[in-house]
Amino acid sequence: MKLIIVWILFLIWHEMQHWLVVRQQFLVSKYHSKQPQASTVLITGIPKEYMDERRLEQLFSSLPGGVRRIWLARYAYQANIADDRNLREMPGYHERRNKACQMLESAQVSLIKLAQKGKAAREKKGDDKIELDNDIPLVDQLVPRAKRPTFTKKPKWAPFGLGWLGIGQKIDKIDWARNEIALCTQALESGREQLHNDVNSVGYEQDYYPPLSSAFVHFNHQIAAHMAYQCLPHNRPYRMAERYIEQAPQNIIWRNLALNPYEAKIRMAASYAITFGMILVWAIPVAFISALSSINGLISAYPWLDWLDFLERPGFGYTLLKGVVSGVLPPVLLALLMMVLPVILRRESELVVQC
Numbered sequence: 103m104k105l106i107i108v109w110i111l112f113l114i115w116h117e118m119q120h121w122l123v124v125r126q127q128f129l130v131s132k133y134h135s136k137q138p139q140a141s142t143v144l145i146t147g148i149p150k151e152y153m154d155e156r157r158l159e160q161l162f163s164s165l166p167g168g169v170r171r172i173w174l175a176r177y178a179y180q181a182n183i184a185d186d187r188n189l190r191e192m193p194g195y196h197e198r199r200n201k202a203c204q205m206l207e208s209a210q211v212s213l214i215k216l217a218q219k220g221k222a223a224r225e226k227k228g229d230d231k232i233e234l235d236n237d238i239p240l241v242d243q244l245v246p247r248a249k250r251p252t253f254t255k256k257p258k259w260a261p262f263g264l265g266w267l268g269i270g271q272k273i274d275k276i277d278w279a280r281n282e283i284a285l286c287t288q289a290l291e292s293g294r295e296q297l298h299n300d301v302n303s304v305g306y307e308q309d310y311y312p313p314l315s316s317a318f319v320h321f322n323h324q325i326a327a328h329m330a331y332q333c334l335p336h337n338r339p340y341r342m343a344e345r346y347i348e349q350a351p352q353n354i355i356w357r358n359l360a361l362n363p364y365e366a367k368i369r370m371a372a373s374y375a376i377t378f379g380m381i382l383v384w385a386i387p388v389a390f391i392s393a394l395s396s397i398n399g400l401i402s403a404y405p406w407l408d409w410l411d412f413l414e415r416p417g418f419g420y421t422l423l424k425g426v427v428s429g430v431l432p433p434v435l436l437a438l439l440m441m442v443l444p445v446i447l448r449r450e451s452e453l454v455v456q457c
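Each position in the sequence shown, counted from 1, maps to that position plus 102 in this note's numbering.
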């Protein structure tokens, strides 16, 4: 047995050595080293006095090759900036436009189907010639306006739609979706233009979309990024202490870039406390589900469950029901319980981790 443990430890050590060599070769390869993420470092917890492109460039200018470009993070879901001017409005416009595009596509397909039915009905009656009128679109000649796809708009005072009660204004889906798409597109273009000006300007005093407490520093050489990742850039505790390298955009939790380091530590402590509490609480339903496999033992342990005595009655139906409760139900409930646990833990990790 000891020889097996020694062999396993040796095998792990040998494979780790091999993995380090393969990782080093991949990081310095021409294919990977030329990618922006190979020479870019994400720094969080930056104090206000360093939330400036020039200050950050001066801080890392002594590294080999210097700094190529600095992006101050400006994207967050939560409005936790003093003047409440972040990019919260732009994701909202983007979601509204996506919903309007989906509604327009669905309504157009429904309108085409109605037009085909109307044309088929005319051909069936022998009226297959349609007199074109330049003032009226062809689709309106085939489908009257009253039969076009509509939806009931939610009243301003209602928290949700009340169309199923007949409350609200009926609006043409196609016309509303087109107007909504045009409105959101104009708002997004205006916001992107303002954001472009803010990114290209030095500093943040005059920015409409002020930066958060994080920044992406792109270096000219890959070795400079790794040196910046390992150095200590600030003397205050927790400030600029969390640094990430070799990160793709899809791996970053953007809403957490606005967290200051002390808030992140508090959230981490809260997540540990919640996890520890879940370990204690989770044992109760797991123990109960496991006890379902023995109905007699469960009744003797918990007298308030004596109503389960009916499963001990003779008969095929009671026997089958007892088999389902004691044999099928416990693994199904345990599987459902274990499916919920990763979702909760993943949600906890997203509240703390930046990437």
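Think of the CB as a built atom: it goes at the ideal place given N, C-alpha and C, for glycine as much as any other residue.
Residue i CB to nearest heavy atom of the ligand FAD below 7 Å
| i | result |
| --- | --- |
| Met-441 | The model on display carries no ligand, and the ligand FAD is accordingly not part of it. |
CB contact flag (residue i, residue j, <8 Å)
| i | j | result |
| --- | --- | --- |
| Gln-81 | Ser-135 | Residue 81 falls outside the range modelled here, since the chain spans only 103 to 457, and no answer is possible. |
| Leu-129 | Tyr-346 | no |
| Ala-326 | Leu-174 | no |
| Ala-279 | Leu-206 | yes |
| Thr-287 | Arg-199 | yes |
| Ala-202 | Glu-282 | yes |
| Asp-154 | Tyr-311 | no |
| Val-304 | Arg-125 | no |
| Leu-244 | Ala-217 | yes |
| Leu-161 | Pro-313 | no |
Continuous beta strand (DSSP E) stretch holding residue i: start and end
| i | result |
| --- | --- |
| Trp-356 | Neither: Trp-356 is in no beta strand (DSSP E) and is coded neither H nor E. |
| Ile-172 | 169–174 |
| Ala-140 | Where Ala-140 is concerned, there is no enclosing beta strand (DSSP E), given that its DSSP letter is neither H nor E. |
| Ile-148 | No beta strand (DSSP E) holds Ile-148; DSSP gives it neither H nor E. |
| Tyr-340 | Unbroken run through Tyr-340: none, as it is neither H nor E. |
| Lys-255 | 252–255 |
Element boundaries [alpha helix (DSSP H), containing residue i]
| i | result |
| --- | --- |
| Gln-271 | That residue, Gln-271, is in no alpha helix (DSSP H); its beta strand (DSSP E) goes 271–274. |
| His-134 | 132–135 |
| Val-319 | Per DSSP, Val-319 belongs to no alpha helix (DSSP H); it is in the beta strand (DSSP E), 316–321. |
| Val-434 | 431–452 |
| Met-112 | The question names Met, but residue 112 in the sequence shown is Phe. First-last of the alpha helix (DSSP H) with Phe-112: 104–129. |
| Gln-349 | Taken as a continuous stretch (DSSP letters only), Gln-349 belongs to no alpha helix (DSSP H), as it is neither H nor E. |
| Ser-392 | 363–393 |
| Ala-248 | No alpha helix (DSSP H) holds Ala-248; DSSP gives it neither H nor E. |
| Val-304 | No alpha helix (DSSP H) contains Val-304, which DSSP labels as neither H nor E. |
| Leu-213 | 191–226 |
| Leu-158 | 155–161 |
| His-328 | 324–332 |
Own chain residues within Cβ distance below 7 Å of residue i, not counting five before or after
| i | result |
| --- | --- |
| Leu-158 | Tyr-152, Ile-172, Ala-317, Val-319 |
| Pro-339 | none |
| Ile-376 | Glu-450 |
| Gly-167 | Phe-321, Asn-322, His-323, Ala-326 |
| Tyr-364 | Tyr-340 |
| Asn-362 | Gly-147, Ser-315 |
| Asn-302 | none |
| Leu-113 | none |
Where residue i falls, given that 16 or more other Cβ within 10 Å makes a residue buried
| i | result |
| --- | --- |
| Gly-147 | buried |
| Arg-341 | buried |
| Met-440 | exposed |
| Thr-142 | buried |
| Leu-240 | exposed |
| Leu-359 | buried |
| Pro-246 | exposed |
| Leu-105 | exposed |
| Ala-184 | Here the model assigns Ala-184 a pLDDT of 41, short of 50, so the residue's position is not dependable, and the following value carries that caveat. Exposed. |
| Arg-176 | buried |
| Leu-111 | exposed |
| Met-192 | buried |
| Ala-181 | Only weak support is given to the placement of Ala-181: the predicted model assigns it a pLDDT of 42, under 50, and the question is left unresolved by the model. |
| Pro-387 | exposed |
| Pro-251 | buried |
| Ala-330 | buried |
| Ala-248 | exposed |
| Ala-366 | buried |
| Val-442 | exposed |
| Val-445 | exposed |
| Val-108 | exposed |
| Val-169 | buried |
Cβ-based neighbour list, residue i, same chain, cut-off 8 Å, excluding 5 preceding and 5 following
| i | result |
| --- | --- |
| Asp-186 | Low confidence applies here, because Asp-186 scores a pLDDT of 42, under 50, leaving its location unreliable and the question unanswered by this model. |
| Ala-350 | Gln-139 |
| Glu-452 | Ile-355, Asn-358 |
Close Cβ partners of residue i (< 6 Å) along its chain, the five nearest in sequence each way excluded
| i | result |
| --- | --- |
| Ala-289 | Tyr-195 |
| Ala-140 | His-134, Gln-324 |
| Tyr-179 | Low per-residue confidence applies at Tyr-179: pLDDT is 45, beneath 50, and the placement is therefore not dependable, though the value from the model is reported in the following sentence. Once the five neighbours on either side are set aside, the close Cβ partners of Tyr-179 are Arg-357. |
| Trp-121 | none |
Taking contact to mean at least 3 C-beta pairs separated by less than 8 Å, is the region 291–303 in contact with the region 273–280?
Contact between the region 291–303 and the region 273–280 is absent, because fewer than three Cβ pairs lie under 8 Å.
Determine contact between the region 201–218 and the region 385–396, defined as no fewer than three beta-carbon pairs at a distance below 8 Å.
Cβ pair count under 8 Å is below three, so no.
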